[in-house]
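**Student:**
Residue numbers (full-length UniProt numbering): 1 to 555.
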């Protein structure tokens, strides 16, 4: 009977031990806080400790700032940690935030501490701190004035939050790898223990001389000391948060201002809007002085989406990448290109459907890759390059559908041909007969007249179909092609280079220079054309070509 009673007592002791383990809990009274912009916000939180004495832990906070401006949302996250004395019982603390503009913060708090040689972390779920405009805050304040006010806080909402504690398997923030930091923590803990022992001695002395009525005075002094330590730590945390918030806001705002003036981002954004896509969300994230990234999501009425991403270096965008898992909007210059239209039609006729695409855009060049897939699972890609507003190349690459047996046969055939050629060479070498020399390959010259006529016919057709912008594109292509073929090397040129080339070879540019400028303005959506003006351009360009190409006249 004695052994059974002893066993029961031992099991009871092990069952009660976990309930008596020390614990640290973080609490907030709300999950959302609202303050007027421009005012200092003090967000309270409570630290409950079941430790019998002060424990040295580490308070870690993660601060994420969210702000919207001109169609883009900005976000940046910072994490910091510092040593924090955890006093017995419950202690009131607060963090201080501020923002001159409407913004939203998401705050997460973690308390790292050690108990019985193990590392623990008490994690408080994230809570929201919003700064709203003065007009909105006044409306909220007037509606809630009848309920009273305890601070500059405009409103609270949401349920109270309580942290959860778990053991850290690896070395956490509460366990420093620096032996001097560990020594400092041990010295601080020892000093706090000595203070408590001294106050306990004073408490006993007061009891013997004055009775039980003086017992509360040493306890009040100890609590006052702990509260002062808490206030000092809280004040340091508030200052650090305020400094980092101010610097992050400055870097973020400088980068955002530069991006809103970036010509590449503005042009791509406008092109997508012209194609029927509306921006759903976007972000500009700073990663240092003048560096970061930009991203945005667009969607049209058919729920087709386009993602836009780019890296920012030295305060500017060098390139942007647009991608889509569906049909990718392409420039009108490429959509009206005859070779592109033919290649796309050929793929569609054999059962290929577009499944996505990417477009890499720089100030002077666009590289477009469109992916296609057929019912058999084979892939194809149309790769196009547009440089200075002119389609440079259009190529199609299909996934090989030839069985592997054909490869083996082709390789054997090539080996057989090589063997026959080697045998023939040996035979002619012995006979002294020299093989005939290869005749030069004749390259057929470019028919400038026919190509120019085709471009003008396409322009006239576009006018009749009320595609005025496409007509201006054809006008520009016709003039650049004619001048570069008849007075240059035949390669593509910008408008400025074409005008300079025409002047160099004695051409009168009084007529074509305004036409080229108008074509460029209309093509890049900086101006609008008219059918009357476009009809006159056909006559002016035909007259110009006849004058400087007299042996060939245009019908």
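Cβ atoms here follow ideal geometry from the backbone N, Cα and C, with glycine treated the same way.
Which one or two residues does DSSP pair with residue 356 in a beta bridge?
**Tutor:** 371
**Student:** Put residue 214 into one of helix, strand or coil per three-state DSSP.
**Tutor:** Unreliable positioning characterises residue 214 in this predicted model, as indicated by a pLDDT of 37, which lies under 50. A coordinate reading is not provided.
**Student:** Bridge partners for residue 48 per DSSP, in chain order?
**Tutor:** Among the bridge pairs identified by DSSP, residue 48 is matched with 25, 90.
**Student:** DSSP on residue 84, reduced to helix/strand/coil?
**Tutor:** strand
**Student:** So, residue 561 versus residue 354, is the Cβ gap smaller than 9 Å?
**Tutor:** Since the first and last residues shown for the chain are 1 and 555, residue 561 lies out of range.
**Student:** State the beta-bridge partners of residue 299 as determined by DSSP.
**Tutor:** Under the DSSP definition of a beta bridge, residue 299 partners with 278, 305.
**Student:** Around the Cβ of residue 480, are there at least 16 other Cβ atoms within 10 angstroms (buried) or fewer (exposed)?
**Tutor:** buried
**Student:** Grouping DSSP H, G and I as helix and E and B as strand, with all else coil, what is residue 186?
**Tutor:** Only weak support exists for where residue 186 lies, its pLDDT of 48 falling under 50; the coordinates are left without a value.
**Student:** Can you find at least 3 beta carbon pairs, one from the stretch 42-52 and one from the stretch 86-99, that sit closer than 8 Å?
**Tutor:** yes
**Student:** Check for me: the alpha helix (DSSP H) holding residue 486 runs from which residue to which?
**Tutor:** 468-487
**Student:** Excluding the 5 residues flanking residue 362 on each side, which residues of the same chain have their C-beta closer than 6 Å to its C-beta?
**Tutor:** 319
**Student:** Report the CB separation of residue 350 from residue 374 in whole angstroms; it is logged as a contact under 8 Å.
**Tutor:** Contact flag correct, Cβ pair sits at about 7 Å.
**Student:** Could you check whether residue 122 and residue 23 sit closer than 9 Å to each other, using their CB atoms as the reference points?
**Tutor:** yes
**Student:** Could you work out which residue in 165, 100, 130, 422 is closest to residue 114 when comparing CA atoms only?
**Tutor:** 165
**Student:** Residue range of the alpha helix (DSSP H) that residue 504 falls in?
**Tutor:** 495-504
**Student:** In the DSSP assignment, find the unbroken alpha helix (DSSP H) run with residue 119 in it and report its ends.
**Tutor:** Unbroken run through residue 119 is the beta strand (DSSP E), 118-132; no alpha helix (DSSP H).
**Student:** For residue 254, write down the residues that DSSP places opposite it in a beta bridge.
**Tutor:** Looking at the DSSP assignment, residue 254 forms no beta bridge with any residue, so it has no partner.
**Student:** Would you identify the three-state DSSP class for residue 454, choosing helix, strand or coil?
**Tutor:** Three-state result, residue 454: helix.
**Student:** Between residue 321 and residue 381, how many whole angstroms is the CB-CB distance? I'm expecting something under 8 Å.
**Tutor:** Residue 321 to residue 381, Cβ: 16 Å. No contact.
**Student:** Using DSSP with H/G/I as helix, E/B as strand and the rest coil, what is residue 385?
**Tutor:** strand
**Student:** Assign residue 56 to one of three DSSP states: helix, strand, or coil.
**Tutor:** It is a strand residue.
**Student:** Report the rounded CA-to-CA distance for residue 545 versus residue 503, giving the unit in angstroms.
**Tutor:** Using only the alpha carbons, I get a separation of about 15 Å.
**Student:** Can you tell me whether residue 111 is helix, strand or coil according to DSSP?
**Tutor:** strand
**Student:** What do you reckon, are the CB atoms on residue 523 and residue 358 nearer than 9 Å?
**Tutor:** no
**Student:** Out of 324, 293, 304, 298, which has the shortest C-alpha to C-alpha gap to residue 310?
**Tutor:** 293
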